[in-house]
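Visitor: Dropping a structure here in structure tokens format, bear with me for questions.
Protein chains: 2
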Amino acid sequence: MARTKAFEPEEKLEKAKCLFWQKGYSATSMQDLVDTMGLNRGSIYDTYGDKHSLFLQCLRSYTDSTFEDYQRTVAESKSPMKAVEKIIRRAALRTVAEGQTCMGVKSTFELASVDEEVHAILKENTTKMIAVLKDLLKKAQKAGEINSKRDPGTLANFIVSNFTGFWQFYLVYGDGELVQQQAEFLIKSIKK
Amino acid sequence: MARTKAFEPEEKLEKAKCLFWQKGYSATSMQDLVDTMGLNRGSIYDTYGDKHSLFLQCLRSYTDSTFEDYQRTVAESKSPMKAVEKIIRRAALRTVAEGQTCMGVKSTFELASVDEEVHAILKENTTKMIAVLKDLLKKAQKAGEINSKRDPGTLANFIVSNFTGFWQFYLVYGDGELVQQQAEFLIKSIKK
DNA sequence: ATTATTTTAGAATGATTGTTCCAAAAATGC
DNA sequence: GCATTTTTGGAACAATCATTCTAAAATAAT
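So the protein lines, in turn, are chains A and B. Residues are numbered in our numbering as their position in the first sequence, beginning at 1, plus a constant of 420. Residues are numbered in our numbering as their position in the second sequence, beginning at 1, plus a constant of 420.
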């Protein structure tokens, strides 16, 4: 029999993900990937396919794991509105902690208008995220935690849309406190 | 004497701007620029400098002209809060009308973290935009158009931050009506 | 130890990257 | 018409791009 793989595909994918996240798709070269993944060209092509396919796998891995992170946050919360608050604070904190902007949003602005496969992944992720928030907001309204007059779907859009604003502000001002302040303001706006 | 320039530098810069706007900085090649500007390589380098310098001029031209557009909107308005409303609707409409996302925000996500010159232009532009809104909101509060309890600076940040959300949503869902609905929701939130 | 299969490193590929250079054409003022 | 200066098209450049290929090293089961 033949020899077995000498590396952990998922572990190396993680490294590629970080690189794409940092530099973006176009600005990342195959040589960059070879260097930071610590794999030779052949192994990359053999395991993940070409650059585009590798990027899709990285992006999918990113959106999946951040979605799981949000769901974990929901599970840990004591009430629907508390969960919404936690998610909003988490969105703000993630950027500060990671020192980077959400890879999904970065990819949206770089590729969504020209790459249909990337677009599909991002659309699905955004839609899932909105659905989770909409559901929580509905429950929060039923529980009397927030005003029932406003449409939960619109509110959910509003929240997700604001996350993107957090990330832009972090890129422009590099000020974590400002982003957290924005998060608190958003929470207040929802509660009204 | 020598012959005069056979082209209008500003007109050709406009073409370059559209291309960078559409494709982003990294994904635009010098050959693309030669083709769509209708200028030969030499003339481009001679008139605008290298690719990076050309991009900076395009970006500066974009941010300047959109800022002027917003200021015109303010001048046309009958009251401070009406001006804020107009600006918000205009931000949403621009995307739908142009079928594209704000070049400033696109560039922020592509380059702000790696290109200091680009970052400086974008930071200045964002800061100017926030200042205009903050000033309008202060006046609106004094005129009793909106509640005076909330900090105008925070509100201004909130508005600009939401614009980025509009543009992300337009990229993800390609739905102009949705974006306009978001704009109306934002206006309501400000008025409360 | 032998055989079979895969990893590995890096050479080779041809296309494209940004940039510079050159000779010829064009247009201006004399 | 002549001299001067720039535009112009495209050749030339070295570097880098994504991708493929090759041959040797490594590992597994027999």
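Every residue gets a Cβ at the ideal spot worked out from N, C-alpha and C, and that includes glycine.
Compute the distance between the beta-carbons of A:Thr521 and B:Phe529, then report whether it is under 8 Å.
Guide: In contact: A:Thr521 and B:Phe529 (Cβ atoms closer than 8 Å).
Visitor: If you measure between the beta carbons of A:Val494 and A:Leu557, is that distance less than 8 Å?
Guide: Not in contact: A:Val494 and A:Leu557 (Cβ atoms no closer than 8 Å).
Visitor: Show which residues of chain B have a CB atom less than 7 Å away from the CB atom of A:Val525.
Guide: Result: Phe529 and Gln588.
Visitor: Report the neighbours of B:Val552 on chain A: residues whose CB is nearer than 9 Å to its CB, in chain order.
Guide: Residues of chain A passing the Cβ test: none, with the nearest at roughly 16 Å.
Visitor: Taking 8 Å as the CB-CB cut-off, is A:Ala447 touching chain B?
Guide: At least one chain B Cβ lies under 8 Å of A:Ala447.
Visitor: Tell me whether B:Pro500 is buried or exposed, calling it buried when 16 or more other Cβ atoms sit within 10 Å of its Cβ.
Guide: Buried, by the Cβ-count rule.
Visitor: To the nearest angstrom, report how far apart A:Glu537 and A:Ser527 are at their CA atoms.
Guide: Whole-angstrom Cα-Cα distance: 12 Å.
Visitor: Return the residues of the stretch 566–577 of chain A that lie within a Cβ-Cβ distance of less than 7 Å from chain B, sorted by chain order.
Guide: Cβ contacts with chain B come from Thr574 and Asn577.
Visitor: Quick one: give me the first and last residue of the alpha helix (DSSP H) that A:Val599 is part of.
Guide: From DSSP, the alpha helix (DSSP H) with A:Val599 extends over Gly596 to Lys611.
Visitor: Quick check: what's the CA-CA separation for B:Glu428 versus B:Leu459?
Guide: Roughly 11 Å separates the two Cα atoms.
Visitor: Starting from A:Leu479 and walking both ways along the alpha helix (DSSP H), at which residues does that stretch end?
Guide: Run containing A:Leu479: Lys471 to Ala495, per the alpha helix (DSSP H) assignment.
Visitor: Along chain B, which residues have their Cβ under 7 Å away from the Cβ of A:Leu542?
Guide: Result: Val592.
Visitor: Report all residues from its chain with a CB closer than 7 Å to the CB of A:Ser481; omit the five preceding and five following residues, and keep chain order.
Guide: Counting only Cβ-Cβ distances below 7 Å, and skipping sequence neighbours, we find Leu433 and Lys437.
Visitor: Taking B:Ala409 and B:Gln602 to be in contact with their CB atoms under 8 Å, please state how far apart those CB atoms are, rounded to whole angstroms.
Guide: In the structure as shown, chain B starts at 421 and stops at 612, and residue 409 of chain B therefore has no counterpart that could be examined.
Visitor: Between B:Lys443, B:Leu542 and B:Gln477, which has its C-alpha nearest B:Glu431's C-alpha?
Guide: When each option's Cα is compared against that of B:Glu431, the closest is B:Gln477.
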